[in-house]
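Engineer: Pasting in a structure now, in structure tokens, and then I'll have a few things to ask.
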Amino acid sequence: MRYLLDTDTLSGLMRSAPLPVLLRRIAAVPPAEQATSSITLGELLYGAHRLGDRGAALLDRIADLVTANLVVFPFDEHAAREYSVLRARLEQDGTPISDADMRIASIALAHDLTIVTGNIRHFERVPGLSVENWLA
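Right, dumping it as structure tokens:
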């Protein structure tokens, strides 16, 4: 099984004192089975840039932890097709989630990945998506 680490999971890893439960789960999964999405990477970089000069150290941590160690799945044509079906279905069901979360879910569906997030409530609305919370 391969895992797509969401923004809150990666943010938790970059803290000065990550949760022990998160560290145990990360250590238990081979690095080759851990990945993230271009959407998540964009959210992390945006957060660092919002801090201005104070974000320089965070940008370094993102480079060290994320881009140097994880496969970053893009929002490609396959994900776009999943997104179109997912968005239409969630809107028809009256259970939409944020656009970023839909794109992350679409990447996971396109590549048969399990999303690792503390935001279980939103992602559970996505039919066929496997979701785990490593923060609790």
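Take 643 as the starting number for the sequence shown in the numbering used here and just add one per residue.
All residues carry an ideal CB built from backbone N, CA and C; glycine is no exception.
#1: Please check the pair residue 644 and residue 755, which I expect to be a contact at CB under 8 Å, by giving their CB distance rounded to whole angstroms.
#2: Within 10 angstroms of the Cβ of residue 695, are there 16 or more other Cβ atoms? Answer buried if so, exposed if not.
#3: According to DSSP, what are the bridge partners of residue 713?
#4: Run the proximity test for residue 753: is its beta-carbon closer than 7 Å to any non-hydrogen atom belonging to the ligand FMN?
#5: Can you say whether residue 743 is buried or exposed, counting buried as having 16 or more other CB atoms within 10 angstroms of its CB?
#6: Between residue 701 and residue 677, is the Cβ-Cβ spacing less than 8 Å?
#7: According to DSSP, what are the bridge partners of residue 772?
#8: Roughly how many angstroms lie between the CA atoms of residue 739 and residue 664, to the nearest whole one?
#9: If we ignore side chains and look at the alpha-carbon of each, how far apart do residue 693 and residue 699 end up?
#10: Buried or exposed: residue 759, going by 16 or more other Cβ atoms within 10 Å of its Cβ?
#11: Thinking C-beta only, is residue 762 closer than 8 Å to residue 682?
#12: Bridge partners of residue 645, per DSSP?
#13: Using a threshold of 8 Å, state whether the C-beta atoms of residue 679 and residue 646 are closer than that.
Structural biologist: The short version:
#1: Within the sequence shown, residue 644 is the residue found at index 2, counting from 1. Within the sequence shown, residue 755 is the residue found at index 113, counting from 1. Contact holds; Cβ gap of about 5 Å.
#2: Counting from 1 along the sequence shown, the entry for residue 695 is found at position 53. Residue 695 comes out exposed.
#3: Here the question's residue 713 lines up with position 71 in the sequence shown. The partner list for residue 713 (beta bridge, DSSP) reads 677.
#4: With respect to the ligand FMN, the structure offers nothing, as it holds no ligand at all.
#5: In the sequence shown, counting from the first residue as 1, residue 743 sits at position 101. Result: buried.
#6: Taking the first residue of the sequence shown as position 1, residue 701 is located at position 59. Taking the first residue of the sequence shown as position 1, residue 677 is located at position 35. No; because the gap between Cβ atoms is not below 8 Å, this pair is not in contact.
#7: Taking the sequence shown and counting its residues from 1, one reaches residue 772 at position 130. Partner(s): 756.
#8: For this step, residue 739 is matched to residue 97 along the sequence shown. For this step, residue 664 is matched to residue 22 along the sequence shown. Taking the straight line from one Cα to the other gives about 25 Å.
#9: Counting from one through the sequence shown, the residue named residue 693 turns up at place 51. Counting from one through the sequence shown, the residue named residue 699 turns up at place 57. Near 10 Å, if we compare the C-alpha coordinates of residue 699 and residue 693.
#10: Against the sequence shown, residue 759 aligns to sequence position 117. By the 10 Å Cβ count, residue 759 comes out buried.
#11: The residue labelled residue 682 in the question sits at position 40 within the sequence shown. The residue labelled residue 762 in the question sits at position 120 within the sequence shown. Not in contact: residue 682 and residue 762 (Cβ atoms no closer than 8 Å).
#12: Reading the sequence shown from its first residue, position 3 is the one you call residue 645. 676 and 756.
#13: On the sequence shown, residue 679 is found 37 positions in, with the first residue counted as 1. On the sequence shown, residue 646 is found 4 positions in, with the first residue counted as 1. Yes, these two residues count as a Cβ contact at 8 Å.
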